[in-house]
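Residue numbers for the sequence shown follow my numbering, beginning at 22 and rising by one.
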Amino acid sequence: MDQRQFFGDSVAGTLIRLVLLSIVVGVVFSALGINPSNIVDSIQRLIRRLTELGFDTVQWAISYFLLGAVVVFPVWFIVRLLRSTKPRDRA
């Protein structure tokens with residue numbers, strides 16, 4: 022890949038624009054009280070909460086599955102037994 026394709030116009034121009042944009046974003050974040058450690062901590066908390074939510078959802082689904090399976094599987098088994106004892110019509 023050519024440098025011009027990657028950076029767009031010119032390498033120096035792109036780097037200057039990125040530095041200026043970084044300074045502007047840094048000033049805005051500073052005014053909002055955001056620093057790099059806050060961002061990293063927030064991302065870690067987000068990932069932790071998402072995994073906890075995922076595991077809680079799996080636990081919830083398993084508990085309801087087991088509750089329903091206590092009724093569904095025996096009824097299904099009894100119906101299968103009753104159907105297997107009936108003679109089939111052969112046409």
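We put the beta carbon where it would ideally sit given N, CA and C, even for glycine.
- CA-to-CA, the gap between Leu103 and Gln80 works out to about 34 Å.
- If you draw a straight line from the Cα of Val49 to the Cα of Thr35, it comes to about 21 Å.
- Taken through DSSP and simplified to helix, strand or coil, Ile55 comes out as coil.
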